[in-house]
Amino acid sequence: QRMFSSKGTMAAVLFLSKVNFKILQNCYKKSFAFQKFSHLSSHRNNFKLTTPLVYQIQKSSTSQEKQEKTTSANASVLSLVLNKKPSSLPKSQPARGCFHPGASVLSREAIPLKGEPVTGIQMIGAMLQYIWPKDNKQIRDRVKLAVSLLIGAKVLNVSVPFIFKYSVDYLNISSGVLNMDTAPNTVATVATSLLLGYGIARAGAAGFNELRNAVFARVAQHSIRKIAKNVFLHLHNLDLSFHLSRQTGALSKTIDRGSRGINFVLTAMVFNVVPTAFELALVSTILGLKCGAAFAGISLGCVGVYALYTLTVTQWRTKFRIYMNKAENEAGNKAIDSLINYETVKYFNNERYEADKYDEALKKYQDASLKTSSSLALLNFGQNAIFSAALSGIMILAANEIMKGNLTVGDLVMVNGLLFQLSIPLGFLGSVYREVRQALIDMQTMFTLMSMDSEI
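Per full-length UniProt numbering, residue 1 is the first one in the sequence shown, and the count goes up by one each step.
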């Protein structure tokens, strides 16, 4: 009997030990999860209506449960377990602006960079080394071919107004009156050939431009690939202290944005800035030699005032765009946070409050969007006004020269066509300037990483 009673006692003790262990394990999981969540929530922004009440109710109810379970279990062991809470927030997880775990996007800290930031000129110089590599003759040949196609496209483009000029001059007699007696023969011979040449020149200019894009695309992608690879290898060569203090997500985004920025800068320089500058120099030289210095001065002055006005207004309206993007992000965050916390909102009957807060964010976005649209309208109107004034002035000057006998009617058509063709790439100047500035900002962090040296 003693043996059976001792076995029963041992079984009861083992059973109670298992039960106590399970209770202890459950208490540890729930209490540690709650304390970690409560500690994180204490670093967040305070909400006037819903958030503090929810946390207070959860905290009071959970604390009562802890007290009841502590008395029923081993107090010393359980108190030791419950005291294990995070002492501080990890640096890689800053506080959110919402009250639900996992909602919204964590605000990333800056990547720990040392030394002076890389300037725009240094970044352009570094990119040129990849565009013209000394150890890759194939890439250099492609750059030469792309430059040749660029020159050919602009020469054909500028020749189009000249073809119009010769066509008009041929169709008119020296007195300026169309000779109707010889019109059928004229149209059938020389004029038809000139007009066919006009179509061929336009098609040739477009073909050269597209061929240039195709040839240079390999150069641009090769440069992006080499830069991204060198950045990746450089990061592996840095010391351990850098990698312990960095943000992996931010670092990945930095390389991604920097690569896209390189692609856009190369595209803008090769396909917009350099061709426009070359065409401006070509047109000004032609107008100065054929029509006079006044024509070249008007064209250069028009482009200078146009560029100054565009860059100034674009710089001024950038703040409206930034504010609009910020308001849009704020509205999206409020909507997502409210929907994620649907049960809490319904429990406290705060639908109207959440809707008012969301509408307030949308109102900010609406105001910023209206300012952006209004400033864009002002920019477009100013550009058209500057170009129209310059075009009117140069046409009046050409008409006076025609009356003096120094120019022909065909010259008037040529001047008009040259200025109109020059205005087409200038229309993208504002957007190109804005995007290039953003691309240089995206590239700066990546090239600054490249300039960092290991401490070991």
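All residues carry an ideal CB built from backbone N, CA and C; glycine is no exception.
Once the 5 residues before and after glutamate 330 are set aside, which same chain residues still bring their CB inside 6 Å of it? In the sequence shown, the residue the question calls residue 330 occupies position 330. Counting only Cβ-Cβ distances below 6 Å, and skipping sequence neighbours, we find Ala361.
If you compare alpha carbons, which of Met324, Lys357 and Arg317 is closest to isoleucine 336? Sequence index remark: in the sequence shown, residue 336 carries index 336 (1-based). Ranking Met324, Lys357 and Arg317 by Cα distance to isoleucine 336 puts Lys357 first.
What residue from Val345, Glu343 and Leu308 has the CA that sits closest to glycine 382's CA? As a first step, residue 382 is located in the sequence shown; it is residue number 382 there, counting from the start. The shortest C-alpha separation from glycine 382 is found at Leu308.
For proline 133, three-class secondary structure by DSSP: Position 133 of the sequence shown holds residue 133. Here proline 133 sits in coil by DSSP.
Comparing C-alpha positions only, which one of Ser241, Asn400, Ala214 and Tyr130 sits nearest to asparagine 230? For this step, residue 230 is matched to residue 230 along the sequence shown. The residue with the shortest Cα to Cα distance from asparagine 230 is Tyr130.
Cα-Cα separation, methionine 395 to asparagine 384: Position 395 of the sequence shown, counted from the first residue, corresponds to residue 395. Position 384 of the sequence shown, counted from the first residue, corresponds to residue 384. Straight-line Cα distance between these residues: approximately 16 Å.
By Cβ distance below 6 Å, which residues in the same chain neighbour lysine 371 in space, the five residues on each side in sequence not counted? For the purposes of this step, residue 371 is taken as residue 371 along the sequence shown, with counting starting at 1. So the list reads Phe320, once near-sequence residues are dropped.
When the Cα atoms are used, what is the spatial distance from threonine 310 to phenylalanine 387? Residue 310 sits at position 310 when you count from the first residue of the sequence shown. Residue 387 sits at position 387 when you count from the first residue of the sequence shown. So the alpha carbons of these two residues sit roughly 12 Å apart.
Smallest Cα separation from lysine 363: which of Phe447, Glu328, Glu354 and Asp256? Sequence index remark: in the sequence shown, residue 363 carries index 363 (1-based). Taking each of Phe447, Glu328, Glu354 and Asp256 in turn and checking the Cα distance to lysine 363, the smallest one comes out for Glu328.
Please state the DSSP three-state secondary structure of leucine 426. For this step, residue 426 is matched to residue 426 along the sequence shown. Helix at leucine 426.
If you draw a straight line from the C-alpha of alanine 439 to the C-alpha of tyrosine 323, how long is it? Residue numbering aside, residue 439 sits at position 439 when the sequence shown is read from its first letter. Residue numbering aside, residue 323 sits at position 323 when the sequence shown is read from its first letter. Cα to Cα, alanine 439 sits roughly 19 Å from tyrosine 323.
Output the boundary residues of the alpha helix (DSSP H) element that contains aspartate 359. Residue numbering aside, residue 359 sits at position 359 when the sequence shown is read from its first letter. 351–404 is the extent of the alpha helix (DSSP H) around aspartate 359.
Would you be able to state if there are at least three C-beta pairs under 8 Å between the stretch 251–260 and the stretch 222–236? yes
What residues in its chain sit with their C-beta under 7 Å from that of alanine 126, if we drop five residues either side in the sequence? Within the sequence shown, numbered from 1, the residue matching residue 126 stands at position 126. Taken in chain order, the residues that qualify are Phe447.
Would you be able to state if there are at least three C-beta pairs under 8 Å between the stretch 398–415 and the stretch 161–170? yes
Straight-line CA distance for serine 338 to arginine 212? The residue labelled residue 338 in the question sits at position 338 within the sequence shown. The residue labelled residue 212 in the question sits at position 212 within the sequence shown. Spanning the two alpha carbons is a distance of roughly 51 Å.
May I ask you to verify whether the stretch 196–208 touches the stretch 413–422, counting CB pairs closer than 8 Å and requiring at least 3? no
Counting pairs of Cβ atoms below 8 Å between the stretch 142–159 and the stretch 275–284, do you hit three or more? yes
Confirm, please, whether the CB-CB distance from arginine 142 to valine 219 is below 8 Å. The sequence position of residue 219 within the sequence shown is 219, counting from 1. The sequence position of residue 142 within the sequence shown is 142, counting from 1. Closer than 8 Å, so yes.
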